[in-house]
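Student:
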Amino acid sequence: MGDLYLRFDGYDDLKAILSESDENVLRRLGRPALICIPGSDRVPRARVVSCLLHGNEDSGYRAVLEMLRAGARFPFDLWVFIGNVRAASHEGWFAHRFLDDQEDFNRVWGLAAPTTRMRRCADAVLDELRGTDLEAAVDLHNNTGQNPFYTVVPRPGYETLTLAATCADTALLWGLRAHTLMEELSPRCPAVAIECSLPARRTSTLFAASALERFLAARTFDDERRPRHLFEMRFRVTVRPEVPFAFGGTLTDDLDLILTPGLDGYNFGMLLAGTELGRIHPGAALPLEVTGMAGEDATDRFLTARADGRVVVTEDVTPAMMVTTVVQTRRDCLFYIVRRRS
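Heads up: the sequence shown runs through residues 8 to 349, numbered per the numbering used here.
1) At a cut-off of 7 Å, is Gly152 close to the ligand MG when judged by its beta-carbon and the heavy atoms of the ligand?
2) May I have a chain-ordered list of the alpha helix (DSSP H) segments no shorter than 4 residues that lie completely inside the segment 96 to 138?
3) In the DSSP assignment, find the beta strand (DSSP E) that holds Cys43 and state where it starts and stops.
4) Just confirm the distance between the C-beta atoms of Ala198 and Leu205, as a whole number of angstroms; I'd bet it's less than 8 Å.
5) Taking the beta strand (DSSP E) that Phe252 falls in, what are its first and last residues?
6) Excluding the 5 residues flanking Arg126 on each side, which residues of the same chain have their C-beta closer than 8 Å to its C-beta?
7) Could you compute how far the alpha carbon of Thr245 sits from the alpha carbon of Asp20?
8) Sort out for me which residues DSSP pairs Arg286 with in a bridge.
9) Can you tell me where the beta strand (DSSP E) holding Asp16 begins and where it ends?
10) Name the DSSP beta bridge partners of Glu296, please?
11) Can you give me the start and stop residues for the beta strand (DSSP E) that Tyr273 sits inside?
12) Using the Cβ count rule (16 or more neighbours within 10 Å means buried), how would you classify Gly90?
13) Taking the alpha carbon of Tyr157 as the point to measure from, which residue in Val50, Asp10, Asp176, Met74 has its own alpha carbon closest?
14) I'd like the list of long-range same chain contacts for Gly17, defined as Cβ closer than 7 Å, with 5 residues on each side in sequence excluded.
15) Nearest CA to the CA of Phe214: which residue from Ala224, Ala207, Cys203, Leu168?
16) Reducing DSSP to helix, strand and coil, say where Ala175 ends up.
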């Protein structure tokens, strides 16, 4: 705890802060915050809600503040973690996923021998949660590109799939080890990330609030429901690190790849064989790479460069989490190729 994050116990501790606007709450906090709202049961279990691990994702944060301002009591202890407050309040509001001198706050959970301030903060939060009887956990996020509302499932047990179905109709089985908070909690309890589409949209905040309400109102997560649409990650598509690129525009001496804008509208839909992902200078090698979840190269299976410089997919694929900015492409990937699970 100490200077790593602020600690609040109960609504009385929060009263002065919650009377402020959403933005002023960030100003008052100044750093991450861990909140515990005691449950009404004699020996309560615990549920966890996390938000703002990425400073540019406001929907879950606003939904959480709305819930806290209502002052509801639950039969379980409710633990709330508000993450990257500094990034969310830097140079305006909700402009940065994380700052240049920071790590991604959703890639630092469960790392051995934490060295940085952010890793130490994550480790201290996990230490506090180890003393609780965890029942379920959700982490609220937004996407960089257009996506339907969906959940990300790190460990697909039946209770976790029931939790996913409680929160959204669509779920994606997470096939990576990225040291996310939900990955770290999933061995202890059902845990999912809730993806609320684009940030800074009222519809996204309304969905976050409704998903949070369903999560908090659910009596249990043991009735073996499954999301209506269930997908699993199969491949990861990245831009080669040496290739300068942009979304839209014209190829120049300084730009070797122009990606087709608007393809994020196909997320969880279908890119048909022959769909153009972008353009390169004729004769250049493929600037994109496709890698399977086990690290195998699958570029030649899915992509080809035509003689005229068009980069196209060679078979029908379902993209997910396709992004729309150079920064996010570099930090993560361009998109994932997923497939539907029966």
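Every residue gets a Cβ at the ideal spot worked out from N, C-alpha and C, and that includes glycine.
Predicted model, so just to flag it, every value in this text is computed and none were measured.
Tutor: In short:
1) Annotation note on the ligand MG: not contained in the displayed structure, which lists no ligands.
2) 124 to 137
3) 40 to 44
4) About 24 Å separates the two Cβ atoms, so there is no contact after all.
5) 252 to 254
6) Glu110, Val115, Leu118
7) 45 Å
8) Ile265, Arg317
9) 13 to 16
10) Thr245
11) Tyr273 -> no beta strand (DSSP E), and no H or E assigned at all.
12) buried
13) Asp176
14) Ile44, Pro45
15) Cys203
16) coil
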